[in-house]
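Counting from 1 along the sequence shown, just add 667 to a position and that's the residue number in the working numbering.
All C-beta atoms, glycine included, are put in the ideal place defined by N, C-alpha and C.
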Amino acid sequence: MRILVIADIHANYRGLKAVIDKFPDVDEIWCLGDIVEYGPCPSECVDLVHTHCKHVIRGNHDDHFAVQQPSQTVGWLGWFPHHTTIETLDYLQKLPSLLSTEVEKRSYCLVHGSPKHHTSGRLHPYADEGDNLEAIQGTSEDRILSGHTHMAMKFEVKGKLVVNPGTIGQPRDGDYRAQCMLIEEGGFRFERVEYCLHALKKDYLQSGMDQQQAKIWFDYTRTGIVDPHGIQLGPFSPR
Numbered sequence: 668m669r670i671l672v673i674a675d676i677h678a679n680y681r682g683l684k685a686v687i688d689k690f691p692d693v694d695e696i697w698c699l700g701d702i703v704e705y706g707p708c709p710s711e712c713v714d715l716v717h718t719h720c721k722h723v724i725r726g727n728h729d730d731h732f733a734v735q736q737p738s739q740t741v742g743w744l745g746w747f748p749h750h751t752t753i754e755t756l757d758y759l760q761k762l763p764s765l766l767s768t769e770v771e772k773r774s775y776c777l778v779h780g781s782p783k784h785h786t787s788g789r790l791h792p793y794a795d796e797g798d799n800l801e802a803i804q805g806t807s808e809d810r811i812l813s814g815h816t817h818m819a820m821k822f823e824v825k826g827k828l829v830v831n832p833g834t835i836g837q838p839r840d841g842d843y844r845a846q847c848m849l850i851e852e853g854g855f856r857f858e859r860v861e862y863c864l865h866a867l868k869k870d871y872l873q874s875g876m877d878q879q880q881a882k883i884w885f886d887y888t889r890t891g892i893v894d895p896h897g898i899q900l901g902p903f904s905p906r
């Protein structure tokens, strides 16, 4: 069985579509959450995930997006609830925050954060061992698939394999290309997928988002670096 695992899309339709198109012959697609926020195409990304993914987990940004009220949001966050559909919000609200499944006699825990803190927890190989042990306490599955950190990684915690596919929408390792992961015959293979940055920029320009904020989020994605001190504010043009 061949499974594509994705996470942290962050409303980047161009990256998500490129990944799905690159692997048309997979048996299943699993999404580990954070479909929305930051990017310009939340509803389009939710539609793609809903259409193509077998399992979908709710992330912290999906949580926030689904429960916020337009009158309660300020600044750039106020854009999101006005640029989506009721169907998108309903879909996000109904997503599970934790899921267990079995494939080819291997059990998997699917979560955005950690088994202890489903949407906001972090699992990382350089974290304190005690913190990682606490984060997976009570997990019965052999393998834990987790997102949230935007970093592709694979490591063990007390005999359990923890694997993160990285991020489609907002890499933080200096490389804009969408990250994803394939599970094949029980093994894991990390992948990077190119997509058109000009098309993503056009999506931001046409989104109705505040243009200074749109420039910041686009530059974060374009550079693969989230550094507010490195972003030069100025005109955001189609060129």
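query, result
"Helix, strand or coil at Gln846 according to DSSP, with G and I counted as helix", "strand"
"Delimiting residues of the alpha helix (DSSP H) encompassing Gly854", "Segment Gly854 to Val860 is the beta strand (DSSP E) holding Gly854; no alpha helix (DSSP H) there."
"Chain-order list of residues whose beta-carbon lies under 6 Å from that of Arg669 (same chain, five-residue window excluded)", "Val693, Asp694 and Glu851"
"Assigned secondary structure, Pro832 (DSSP; H/G/I helix, E/B strand, else coil)", "strand"
"CB of Val778 within 9 Å of CB of Ile811, strictly", "yes"
"Residues near His784 by beta carbon distance below 8 Å, same chain, minus five either side", "Ala802"
"N-terminal and C-terminal residue of the beta strand (DSSP E) that Ile811 is part of", "Arg810 to Ser813"
"Nearest-angstrom beta carbon gap, Cys708 and Asp870 [assumed within contact, 8 Å]", "6 Å"
"Those runs of the beta strand (DSSP E) which lie wholly inside the segment 694–719 and span at least 3 residues", "695–698"
"Arg725 burial status per 10 Å Cβ neighbour count (16 or more: buried)", "buried"
"Alpha helix (DSSP H) segments (min. 4 residues) lying fully within the segment 749–808", "753–760 and 796–803"
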